[in-house]
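**Q** Here the sequence shown stands for residues 3 to 229, where the numbers follow the working numbering.
This structure is in structure tokens; I'll ask about it shortly.
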Amino acid sequence: MSSCAICESIVSLNSGILLNNVEICSDCKSKLDKVYRRFSLNSSQFSVHQAKRLLKKERDVRQFKTDVLKINPSLSDYSGSALWDIFETVQEDKLIHIVFGKHRQRGYGTFVSTDKRLIFIDAGTDDIIFKEVVALEDMSSIDFSPLTNIITVTISSKVIEITLDHPQYGLPFCEAVRQLINNSRKINTTEVTAILDLVERLGKLTQSNILTEEEFLQEKAKLFSKI
Numbered sequence: 003m004s005s006c007a008i009c010e011s012i013v014s015l016n017s018g019i020l021l022n023n024v025e026i027c028s029d030c031k032s033k034l035d036k037v038y039r040r041f042s043l044n045s046s047q048f049s050v051h052q053a054k055r056l057l058k059k060e061r062d063v064r065q066f067k068t069d070v071l072k073i074n075p076s077l078s079d080y081s082g083s084a085l086w087d088i089f090e091t092v093q094e095d096k097l098i099h100i101v102f103g104k105h106r107q108r109g110y111g112t113f114v115s116t117d118k119r120l121i122f123i124d125a126g127t128d129d130i131i132f133k134e135v136v137a138l139e140d141m142s143s144i145d146f147s148p149l150t151n152i153i154t155v156t157i158s159s160k161v162i163e164i165t166l167d168h169p170q171y172g173l174p175f176c177e178a179v180r181q182l183i184n185n186s187r188k189i190n191t192t193e194v195t196a197i198l199d200l201v202e203r204l205g206k207l208t209q210s211n212i213l214t215e216e217e218f219l220q221e222k223a224k225l226f227s228k229i
């Protein structure tokens with residue numbers, strides 16, 4: 003009897019076939035069938051490497067859904083394809099908060115905060131219809147008005163307004179983003195102070211003729227490039 007190319011268990015009845023007639027067990031076939039249906043494809047079109055990668059992504063998406071519902075239970079009616087699209091957009095970042103609402107210019111969609119940016123996504127049935135990204139460092143302010151149920155994000159070039167369907171998540175969303183920005187600024191200030199202290203010490207080494215002026219300028223330039 004052969005072993006499954008994915009999990010190495012024994013292949014028995016109801017097994018599946020990947021590209022080049024590679025066999026997989028019924029359990030892996032069942033898991034992959036759920037993924038393939040999303041792409042209207044079948045297992046014979048995928049190599050072992052592609053199948054393993056898809057299964058890993060499916061596990062990651064399930065974990066992402068768990069994280070989303072822990073933050074915002076009102077999103078429990080999101081379809082699998084919608085969550086997949088959102089995951090594809092934010093998977094390189096750490097999820098901080100997520101809400102559903104109406105963009106003033108773009109209509110309804112999902113507003114996501116990660117550790118790096120804010121993203122508005124209208125996740126359609128087949129594709130991401132619209133995406134707007136704001137880096138945290140580009141934000142001037144973020145506020146929530148309980149009177150209007152609107153999150154207002156201000157950047158140098160414009161103002162973004164999202165009206166929430168579930169306003170109880172507005173304040174936590176904004177507070178989480180502000181905390182991220184404050185923490186980032188504290189880290190940046192600490193790094194700058196440390197670099198300036200190091201430059202000062204290098205200057206003293208130059209005065210003591212331990213470093214040449216040329217060496218000092220080279221090291222100083224390297225340090226300042228990190229700010």
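Built from N, CA and C at the ideal position, the CB exists for glycine as well.
Looking only at its own chain, which residues have a Cβ that is under 6 Å from the Cβ of C6, when we skip the five neighbours before and after it?
**A** The residue given as residue 6 occupies position 4 in the sequence shown. Here the set comprises V13, I26, C27, C30.
**Q** Any C-beta of chain C sitting closer than 8 Å to the C-beta of M141?
**A** Any reference to chain C falls outside this structure, which holds one protein chain only.
**Q** So, with DSSP's three-state summary, where would you put E134?
**A** Residue 134 sits at position 132 when you count from the first residue of the sequence shown. Note: E134 maps to strand in three-state DSSP.
**Q** For S231, which three-state DSSP category applies?
**A** An answer regarding residue 231 cannot be provided, because it is not within the stretch 3 to 229 covered by the chain.
**Q** Taking the alpha-carbon positions, what's the Q170 to S147 distance?
**A** Taking the first residue of the sequence shown as 1, we reach residue 170 at position 168. Taking the first residue of the sequence shown as 1, we reach residue 147 at position 145. Cα to Cα, Q170 sits roughly 11 Å from S147.
**Q** May I ask you to list the residues that DSSP assigns as paired with T116?
**A** Position 114 of the sequence shown, counted from the start, is the residue given in the question as residue 116. L97, per the DSSP bridge assignment.
**Q** Using only CA atoms, which one of L56, I88, L200, Q209 lies nearest to E221?
**A** Along the sequence shown, read from residue 1 onward, the residue named residue 221 stands at position 219. Measuring from the Cα of E221, the nearest candidate turns out to be L200.
**Q** Round the Cβ separation of I88 and V114 to the nearest angstrom and send it over; I've been treating them as touching at under 8 Å.
**A** Position 86 of the sequence shown, counted from the start, is the residue given in the question as residue 88. Position 112 of the sequence shown, counted from the start, is the residue given in the question as residue 114. About 7 Å; that satisfies the 8 Å criterion.
**Q** Helix, strand or coil, according to DSSP, for I212 in the structure here?
**A** Stepping through the sequence shown from its first residue, residue 212 is reached at position 210. Of the three classes helix, strand and coil, the one that applies to I212 here is coil, per DSSP.
**Q** DSSP puts V155 in a beta bridge; with which residues?
**A** Here residue 155 refers to the residue found at position 153 of the sequence shown. Beta-bridge pairing links V155 to I144, I162.
**Q** Taking just the CA atoms, how far does L198 sit from T150?
**A** Numbered from its first residue, the sequence shown carries residue 150 at position 148. Numbered from its first residue, the sequence shown carries residue 198 at position 196. The alpha-carbon atoms of T150 and L198 are separated by roughly 46 Å.
**Q** With which residues is E25 paired in a DSSP beta bridge?
**A** Residue mapping note: residue 25 aligns to position 23 of the sequence shown, counting from 1. E25 pairs with I19.
**Q** Drop a sphere of 10 angstroms on the beta-carbon of H99, count the other beta-carbons inside from all chains shown, and report buried for 16 or more, exposed for fewer.
**A** In the sequence shown, counting from the first residue as 1, residue 99 sits at position 97. With 16 or more Cβ atoms within 10 Å of its Cβ, H99 is classed as buried.
**Q** Between the beta-carbon of D69 and the beta-carbon of L97, is there less than 8 Å?
**A** Taking the sequence shown and counting its residues from 1, one reaches residue 69 at position 67. Taking the sequence shown and counting its residues from 1, one reaches residue 97 at position 95. In contact: D69 and L97 (Cβ atoms closer than 8 Å).
**Q** Taking the alpha helix (DSSP H) that L57 belongs to, which residues open and close that run?
**A** Here residue 57 is taken as the residue at index 55 of the sequence shown, counted from 1. Start and end: 50 to 73.
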